[in-house]
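Okay, so here's the structure we're looking at.
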Amino acid sequence: MDLNACESESQMQKYKNLWKSNLEETEYFKQCIESLEERLEDAHHRIVMAERICMNNAALVHDLEQKIQEEVILFRDQEDGGAENSFKHIYWGVSGQLMAALNENKYIRQFLQRNVLPKEKDFLKLRSSLETKADEYRKEIVEATPKPPEPEPVVEEKPDPKAKGKKKGKKIK
């Protein structure tokens, strides 16, 4: 019996250690998930802001293209040589703004494609691996938990009818 008690104690200590390590890993993974969720939320916010900037830049590009067309029409209407210099100045200023807006749109798209979208997949992969690991721990704990011994069946002793009659009538000396 003492050997079984020692063995039970060692198994209990083993499961206790497994349980503690499981709690520590669970806490660590919860912190990882919280951190990744915060980063994903921040990335989502940056995506929304970048999309707004892209839409504003698209509107700006459209406005600048219209200004260029208006300036071209004004230039054609004027026949002065001085107007040509002012048109070039306006044209290069507006086209510079247009190029800056196009470059900004290109940069924002590259940022989104390079930094934000791939991290979302990593987050989903981490969550999946954490769920798999948690399922494995649950299975190990269930398998490692010893089942209680089956109780022995209780057999009721039926009184012997012959013995009853003898006990009443006779006394043993």
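What the sequence shown shows, in the UniProt record's numbering, is residues 1 to 173, in sequence order. Backbone N, C-alpha and C fix where the C-beta goes; we use that ideal spot for every residue, glycine too.
Looking at the structure shown, is residue i part of a helix, part of a strand, or coil, going by DSSP?
| i | result |
| --- | --- |
| Pro-118 | helix |
| Val-94 | helix |
| Lys-158 | coil |
| Lys-20 | helix |
| Ser-10 | helix |
| Lys-67 | helix |
| Glu-143 | helix |
| Glu-136 | helix |
| His-44 | helix |
| Glu-34 | helix |
| Glu-150 | coil |
Excluding five sequence neighbours on each side, which residues of the same chain lie with their C-beta closer than 8 angstroms to the C-beta of residue i?
| i | result |
| --- | --- |
| Leu-126 | Cys-32, Ile-33, Leu-36 |
| Val-154 | none |
| Leu-130 | Phe-29, Cys-32, Ile-33 |
| Lys-133 | Glu-25, Phe-29 |
Beta-carbon within less than 6 angstroms of residue i's beta-carbon, same chain only, minus the 5 sequence neighbours each way: which residues are those?
| i | result |
| --- | --- |
| Ala-101 | Asn-57, Leu-60, Val-61 |
| Lys-173 | Note that Lys-173 scores a pLDDT of 49, beneath 50, so its modelled location is shaky; the value from the coordinates is reported in the next line. Once the five neighbours on either side are set aside, Lys-173 has no close Cβ partner at all. |
Only counting the same chain, and skipping five residues up and downstream in sequence, which positions put a Cβ closer than 7 angstroms to that of residue i?
| i | result |
| --- | --- |
| Cys-54 | Asn-105, Ile-108 |
| Glu-136 | none |
| Asn-4 | none |
| Glu-156 | none |
| Gln-66 | none |
Kindly give me the distance between the Cβ atoms of residue i and residue j, rounded to whole angstroms, as I take these residues to be in contact under 8 angstroms.
| i | j | result |
| --- | --- | --- |
| Lys-119 | Ala-43 | 6 angstroms |
| Ile-68 | Ser-95 | 7 angstroms |
| Phe-123 | Leu-40 | 5 angstroms |
| Leu-64 | Gln-97 | 6 angstroms |
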